[in-house]
Amino acid sequence: MELKRSRDLLAAVRAAGGTWRKWTLVPPKQVLVLRSLIARDRARVKATTPRRLAWLMSPNVPNEIAWRVLAFWNPRPVVVEERLRTAQAQSEREQRSIWEQRRRAAEARRAAAAAAAV
4 MELKRSRDLL
14 AAVRAAGGTW
24 RKWTLVPPKQ
34 VLVLRSLIAR
44 DRARVKATTP
54 RRLAWLMSPN
64 VPNEIAWRVL
74 AFWNPRPVVV
84 EERLRTAQAQ
94 SEREQRSIWE
104 QRRRAAEARR
114 AAAAAAAV
């Protein structure tokens with residue numbers, strides 16, 4: 004299951020241009036395109052659109068402010084963020100496990116050296 008998720012993520016990164024940075028920029032670019040369409044009356048904000056998002060899409064908001072908001076906002080689904088957090092946590096657990104094994108091995112070597120010295 005994790006292998007499939009990893010493959011899907013790699014395929015998405017490759018489709019976006021082959022770099023992680025390009026993959027992370029795809030959703031903000033899509034939001035900017037939608038904002039442009041709304042500004043030219045080629046698309047409309049629905050009544051069910053969250054107020055903050057409707058404000059961001061408004062043609063009355065300067066482009067610079069919209070760009071600044073999008074620089075800090077990740078419109079990707081929470082599922083992707085959760086997968087990344089899970090992978091990161093697993094990596095940290097594995098790293099701690101490796102350090103714990105090394106610490107135990109070092110203690111065992113010290114104990115063996117102390118026993119041999121006596």
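Numbering (this note's numbering), first residue to last: 4 to 121.
Think of the CB as a built atom: it goes at the ideal place given N, C-alpha and C, for glycine as much as any other residue.
These numbers were taken from a predicted model, which means no experiment stands behind them.
- Residues of the same chain with a CB within less than 6 angstroms of the CB of GLN33, apart from the 5 flanking positions on each side, do not exist.
- At a Cβ-Cβ threshold of 8 angstroms, ARG38 and ALA69 count as neighbours.
- For ALA109, the secondary structure class from DSSP, reduced to helix, strand or coil, is helix.
- When DSSP states are grouped into helix, strand and coil, LYS49 belongs to the coil group.
- The alpha carbon of ARG45 has as its nearest neighbour, out of PRO62, ALA119, GLN91, the alpha carbon of PRO62.
- Per DSSP, SER61 lies in no alpha helix (DSSP H) and is assigned neither H nor E.
- Taking the CA atoms as reference points, GLU103 sits about 27 angstroms from LEU6.
- Its chain contains LEU73 as the residues whose beta carbon lies nearer than 6 angstroms to that of PRO31, once the 5 sequence neighbours on both sides are disregarded; these appear in chain order.
- By the CB criterion at 8 angstroms, TRP26 and VAL16 fall inside the cutoff.
- Between ALA57 and VAL48, the gap from beta carbon to beta carbon is short of 8 angstroms.
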